[in-house]
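Protein chains in written order, with our numbering: chain S, 1 to 153; chain C, 1 to 231.
C-beta atoms are modelled at their ideal positions from N, C-alpha and C, and glycine is treated no differently.
One structure below.
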Amino acid sequence: MSKFSKGKKKKDPAISTAALPDIVFMLLFFFMVTTVFKEKESKKLEIDKVAIKETIDLEKNIKASYFWIGRVPGKVDDFRVQLDDDLINDYSEIREYLVKLRKNPEYSQVWDSRFFNVFKVDKKTEMRIVRKVHDELKEAEAFKVVYSVNREK
Amino acid sequence: MAKREVEEINAGSMADIAFLLLIFFLITTTMNLPQVHEERLPQKSDVEFLLNERNVLQIMANKNDKIGIEGEFAEISDIQNAVKKFYQHKSGTPNQPEYVEVTRKICDDTLESLENALIVYPDAPLFKIEQDAWKRRLDACIAFGDGFQTLPNNATVSIQLDNSTKYVTYMNVLDQIMQGLNSLRDSLCKNRFGVPFNKLNDKVESDKQKISAIRQVYPKKIMKEKNRSVQ
């Protein structure tokens, strides 16, 4: 028996957990605020984006169709176009897709104001491919195009 | 020694601290919007425009991504200065466009005659386009407090690309044009309104008028010609 023994062991007072929800909420808010959603990306094509100095913010609350033009992974010079989720085999599919899209009132109402065709194009793409997609857009009367780029500092 | 109960720490202010932090992060964080370059495709039309050569700044890129300005080989960084010179030069410089004088009186007179023309031809689309253009110019005159000079309607920067030109070259050309244009807009804005152009906020009504006025003086006019082989 130790000299300093206090005899009966004293029970520690319970630590208050009242502040725990606050800490949890604080963490939750922190991550909510600092999270940046990753831009929609193509899973089927490799795209090396261009960086330029003069860019503008893409408008908020827009309706959009997404075009990716890039290399098929593993192949050197096989540039393909992806429209929303699928690779296209023929350029006329673009027109069909847009015409179908326009039948939806959600899209047709904003067709000339807030409907954009968002392009994400690989640096090395030849302009002939971009041109062909543009031609289809003109046929479908979808004239607004934005090129997604990185901002050069 | 007397045994003392450990007092419970008051946690009431914890919520205050949490809210303080929450508000701090809410205010300081900005969402990164995707960065883009916007372009409007031309309507499909069979009408051939005949342009005066001096009203066109021709920029070309061949299949090896070499740049040409007005038919001569140049570096990509030269485009910026060519664009600046195209938009701002001494009146009467050969091979550069002749300015159009815009004053309040000219705007009012033109709008009046367009009004009369629209009574006679109510469905003429060209008159309506002209009317909108002159209304914007009138607004610009009001914002500046006096008249200004601008390029004629048919003046344009033309980009001619080969089918094999790389996309990155096209983007760099556009970037150079916008850099030239925006630096002109910036100095005009500092001159007239005392603020840099990119500090104007288009959500604020008074700033929106200023932006539109500056754009009337230095409009973005880029024409993309059909892809064809450029030697």
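A residue is called buried once 16 or more other Cβ atoms fall within 10 Å of its Cβ, and A14 (chain S), having fewer, is exposed. CA-CA distance, A142 (chain S) to L83 (chain S), rounds to 14 angstroms. Sorting S:A18, S:T17, S:T34 by C-alpha distance to the C-alpha of I23 (chain C) places S:T34 at the top. For P42 (chain C), the closest alpha carbon among the candidates S:K153, S:E152, S:R151, S:L137 is that of S:L137.
A buried status is given to R185 (chain C), since no fewer than 16 other beta-carbon atoms sit within 10 Å of its beta-carbon.
Rounded to whole angstroms, the separation of the alpha carbons of L33 (chain C) and K60 (chain S) is 8 angstroms.
Exclusion of the five residues before and after A18 (chain C) leaves no residue of its chain whose Cβ lies closer than 8 angstroms to its Cβ.
Taking all protein chains in view, the Cβ of Y121 (chain C) is surrounded by fewer than 16 other Cβ atoms within 10 Å, so the residue is classified as exposed.
Contact annotation: Q131 (chain C) and L151 (chain C) have beta-carbon atoms that are not nearer than 9 angstroms. Per DSSP, the continuous alpha helix (DSSP H) segment holding G180 (chain C) begins and ends at 167-193. Less than 9 angstroms separates the beta-carbon of R137 (chain C) from that of V102 (chain C).
Distances from the CA of L57 (chain C) to each of C:E72, C:N201, C:K63 were compared; the closest alpha carbon is that of C:E72. A Cβ of chain S is located within less than 9 angstroms of the beta carbon of Y170 (chain C).
Setting aside the 5 residues that flank it on each side, L114 (chain C) is surrounded in the same chain by F127, E130, Q131, W134, each with a C-beta closer than 8 angstroms to its C-beta; the list follows chain order. Secondary structure at E101 (chain C): strand, using DSSP grouped into helix, strand and coil.
Secondary structure in the region 94-151 of chain C: the beta strand (DSSP E) runs of 3 residues or longer, each lying completely within the stretch, are 100-102, 148-150 in chain order.
Inter-segment contact for the region 66-74 of chain S and the region 121-131 of chain S is present: three or more beta-carbon pairs are separated by less than 8 angstroms.
If you check the CB distance, F119 (chain S) and V145 (chain S) come in under 9 angstroms. Annotation for D78 (chain C): I69 place their beta carbon closer than 7 angstroms to its own, counting only its chain and skipping 5 residues before and after.
At a cut-off of 9 angstroms between beta-carbon atoms, L83 (chain S) makes no contact with chain C. Under a 10 Å Cβ-count criterion, G180 (chain C) is classified as buried, with 16 or more other Cβ atoms of the shown protein chains found around its own Cβ. Secondary structure note for T28 (chain C): its alpha helix (DSSP H) is the uninterrupted segment 14-28.
Not flagged as an interface residue toward chain S: E75 (chain C), since no C-beta distance is shorter than 9 angstroms. In the three-state reduction of the DSSP assignment, Y66 (chain S) falls in the strand class, which pools E and B. Leaving aside the five residues that flank A155 (chain C) on each side, the residues in its chain whose CB is nearer than 6 angstroms to its CB run, in chain order, N55, P97.
Using a Cβ distance threshold of 9 angstroms, F67 (chain S) and I94 (chain S) count as a contacting pair. With distances taken between CA atoms, K132 (chain S) lies nearest to S:F79 out of S:E106, S:F79, S:T17, S:L27. Using beta-carbon distances, L111 (chain C) does not count as an interface residue toward chain S, since no partner is under 9 angstroms. H134 (chain S) counts as buried, since at least 16 other C-beta atoms from the protein chains shown sit within 10 angstroms of its C-beta.
Note that the C-beta distance between V157 (chain C) and I67 (chain C) is not below 9 angstroms. Between the beta-carbon of Q35 (chain C) and that of N89 (chain S) there is about 31 angstroms, and that puts the pair past the 8 angstroms contact cut. Interface flag for E96 (chain S) against chain C is unset, since no Cβ pair is found closer than 9 angstroms. Interface annotation, F86 (chain C): not in contact with chain S, CB-CB separation never under 9 angstroms.
Below the 8 angstroms Cβ cutoff, chain S contributes K53, E54 as neighbours of Q179 (chain C), in chain order. Nearest in C-alpha terms to I177 (chain C), of all of C:N81, C:D139, C:V204, is C:N81.
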